[in-house]
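Protein chains in written order, with this note's numbering: chain V, 1290 to 1504; chain S, 13 to 72; chain D, 3 to 78.
Each residue gets a CB set at the ideal place from its N, CA and C atoms; glycine is no exception.
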Amino acid sequence: MACVLFSRPNDDITLSYLFYYSKELVSESNNLGYKTINKEGKEANKEIIISVIKKQNPELIMFNGHGSPTEICGDNEEVIISVEENPEILKDSIVYSLSCSSAFKLGPKSIENGAISFIGYDFEFALGKDSESEASPRHDKIAKLFLEPSNILFSSLLNKRSVKDSVAKAKKKMEDNINYLHTTDRFPEAIYYAPFLFSNYLGLVVHGDKEASIN
Amino acid sequence: MELKEEFFKVYANLPIEERNNVVVVIDKQPISWNIAYLEIKNYTKLGQQILKTLKDLGIL
Amino acid sequence: MNEKNKELEEIRKELVIERLRQAPPTVKIAFGSLNEFMNRDELIDQVQKETDIGKRIVKLQIEYLRAFKKGMLQGV
């Protein structure tokens, strides 16, 4: 059975939202019978993540974290993967990076170095927040609109859909959510979030094999 | 297609809430899609300025 | 040509600031490498100071407006 790796730091408020939302993906991976390796909080550091990748050769990897066009970070913004140092570490994996801009340069570089597919964002990832939810991701109806598509994407990969189909599903959900922001009267500030979600929509890209899926 | 017609086409497809939002700033004055519509529809000088600026910005 | 480009940049920046000003102050967005949620005024500040985040905000707002012309964002 395939091996799935999650890197889920949780050391600031933004990452706490990604951390909360990706929890259900870890459960789903377990329930589907994959060998699921979940490195969260302080364990989402360079030493541990690199060691796991080298020993376990995960077919599918999800990175939460801060990032840049050339890097993916883990706990305490430690750089885990970078264009300069170790793009080859992603060899033979399908990667989904929920990190700002990492698809722009690290994406193509990782494919050059043997990664099967790299799904990520060409630009900064935007996350809206409901001011009334008091940093509680569970109750945040706006954050849900931004993070739900990401979960749909990875869930689709876990269910053996192709990279192309999984990204298409995520983009469709983003479109639906943008339309919702355009039309809902449930909260008056909805329309102001739409451009940011649209930026995520434009920024979500794939490098490498779009037909790839895990076994 | 004339700029005016382009504007009306885009305007017709806007979400209703977006129409109340600023689409251009002329002489430090913020102008919403709705106000732009009226100015353009009535062939005003401001309407002409709005169209030119929207074209320059790539919004038309 | 450079003068024209600078003028357009200034127009874009002014437009985005006015668009953001319309939002309620409670709008909150986490964006880019900043690990906190910014409210409306903080977003405006980024644009005014022409930080990397501010420039990206300007770009995404203009892309959003252009998307209506391209038919990418159909209203209901």
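Only those residues of the segment 1478-1489 of chain V whose C-beta falls short of 8 Å from the nearest C-beta of chain D are listed: Glu1478, Tyr1481, Tyr1482, Ala1483, Pro1484, Phe1485, Phe1487, Ser1488. With its beta carbon less than 8 Å from one in chain S, Phe70 of chain D belongs to the interface. Leu45 of chain D and Ile64 of chain D have their C-alpha atoms some 15 Å from each other.
Of V:Leu1321, V:His1355, V:Phe1295, the smallest CA-CA separation from Thr1303 of chain V is found for V:His1355. Rounded to the nearest whole angstrom, the C-alpha separation of Leu1321 of chain V and Ser1444 of chain V is 11 Å. Closer than 7 Å at the C-beta level to chain S, one finds these residues of the segment 17-29 of chain D: Leu17, Glu20, Arg21, Gln24. Here the alpha carbons of Thr1473 of chain V and Val36 of chain S stand approximately 25 Å from one another. Spatial neighbours of Ala1483 of chain V in its own chain (CB-CB distance under 7 Å, excluding positions within 5 residues in sequence) are listed in chain order as Ile1467, Leu1470, His1471. A contact is defined here as three or more CB-CB pairs under 8 Å, and the segment 27-38 of chain D meets this definition with respect to the segment 1417-1431 of chain V. Secondary-structure assignment with DSSP links Ser1296 of chain V through a beta bridge to V:Lys1328, V:Phe1352. The segment 1428-1438 of chain V makes contact with the segment 1298-1318 of chain V, as at least three CB pairs between them are under 8 Å. Residue range 1479-1492 is occupied by the alpha helix (DSSP H) that includes Pro1484 of chain V.
Just measuring C-alpha positions, the residue of S:Ile43, S:Ile52, S:Tyr49, S:Glu51 sitting nearest Glu20 of chain D is S:Ile43. Any Cβ of chain S closer than 8 Å to the Cβ of Arg14 of chain D would place that residue at the interface, and such an atom is present.
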